[in-house]
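With my numbering as the guide, the letters of the sequence shown map in order to residues 467 to 841.
What follows is a short report on a single structure.
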Amino acid sequence: MSTLAATSTGRSFRTSHRLLLLTGILCFVGIVFIYSASSITSADIYGNPAHYLQRQIIWLLIGSLVLFIAATIPLAQVRALTFPAIIAIMVLLCLVFLQDPINGAYRWIRIGPFSIQPSEFAKAALIFYAAHKYAQCGERGEPARNALLTVFIVLMVTVLLIFIEPDRGTPAIIVVVLYALSLLAGIRKRSMVLLLLLVVPYLYYDLFISDGYHLNRIRAFLNPLEDPLGKGYQAMQASIAIGSGGLTGVGLGEGAQKIFYLPESHTDFIFAVICEELGLLGGMAVVLLYTALILTIIKVGYEARSHYETYLVFGISYLITVQVFFNLGVAVGALPTKGLALPLISYGGSSLITTLLMLGLVINVARNTERQEQP
């Protein structure tokens, strides 16, 4: 083996190990702070302070198995499952309407004591589908825009099903990620008028025709004091939590805002709990972990050896980046409140398993690159 090949091989191994290490650290942070943020609520509701912790550990074990399978399965088999996966996701998105609503929304399917959220899996499935269709064009020597209409139709149907659950945030994230992935595939902006035709009516309906829920959230974001006990309550309590932490925090497990002050402290606002208990330094450490993870994924995308691998990995990097950006932005008061999980850290089985599935595929691509660099 030449020196160059040896260096490349070592680099690929380090990349795979770094991905696994960063994933493990973020999952560990999630386990610790899910317990810290939810123990009092769990004890009050279920009589067991470890209720949410125990459930998350079960999801983590399942997700770890999913990651292992995704990291070792031939990518050709993954591509072969793309269309069946899209069909399965659409069926699941229809089945949610046969369930009893939770907080007025049809987003979950009950399976015994657990529930799954199909819209979380839909995010990944659409990335897999778009990567497959755009890669097919590249492999045939065709421009990627030849697949745009097909991708748009699948996107539109999926987004519509999620939109009427109702869920406004997930469709917005999906559209942003698919737009970025389409640009990466070489589709010109003017060719993506279809996506704009989807976004403009969505915004108009959501802000001016619907019940005004999200417009009120924007107003609360601009002036939380206008409705401090209503729409502005979560944002204000999150700000109090982050401000209370100072530079080094009040101590692990010692935060006060999780004691029935900050709603969803173990899910959407878990970053506020981290900042309260570990301070600005702890919050910055989490941001650095995500930065390292995303940059490592991007590195794998640049080193990928095929159109499909490149589109797949970059699509995953876009999705994780957007979710982290929006969750942290909401937590620190830079964006209007919206229920979005912090990948690998927030409580929630569907989000955790989906993220571990995607990271397993990134590791798979990194391992493929290493194997192809061997003589």
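By construction, the Cβ of each residue, glycine as well, lies at the ideal position given by its N, Cα and C atoms.
S482 is positioned such that its CB atom lies no closer than 8 Å to that of I763. Here S816 really is in contact with Q583; their C-beta atoms are around 4 Å apart, less than 8 Å. With at least 16 other beta carbons inside 10 angstroms of its own, E769 counts as buried.
Judged by pairs of C-beta atoms under 8 Å, the stretch 721 to 732 does not touch the stretch 745 to 757, as fewer than three such pairs exist. A contact between stretches requires three or more CB pairs, one per stretch, nearer than 8 Å, and the stretch 484 to 492 meets this requirement with the stretch 820 to 834.
Within a 10 Å sphere around the beta-carbon of D633 sit 16 or more other beta-carbons, which makes this residue buried. A571 carries a strand assignment under DSSP once its states are collapsed to helix, strand and coil. Under the three-state reduction of DSSP output, F618 falls in the helix class. The alpha-carbon of D510 is positioned some 49 Å away from that of L649. A800 is the residue among A800, L533 and Q543 whose C-alpha sits nearest the C-alpha of M702. At a Cβ-Cβ threshold of 8 Å, L644 and L592 count as neighbours. Pairing S585 with L564, the inter-Cα distance amounts to about 15 Å.
Just measuring C-alpha positions, the residue of P515, L526, A590 and I708 sitting nearest P637 is A590. Taking a contact as a CB-CB distance under 8 Å, the pair E742 and A707 counts as one, their CB atoms being some 4 Å apart. Secondary structure in the stretch 543 to 599: the alpha helix (DSSP H) runs of 4 residues or longer, each lying completely within the stretch, are 548 to 561 in chain order.
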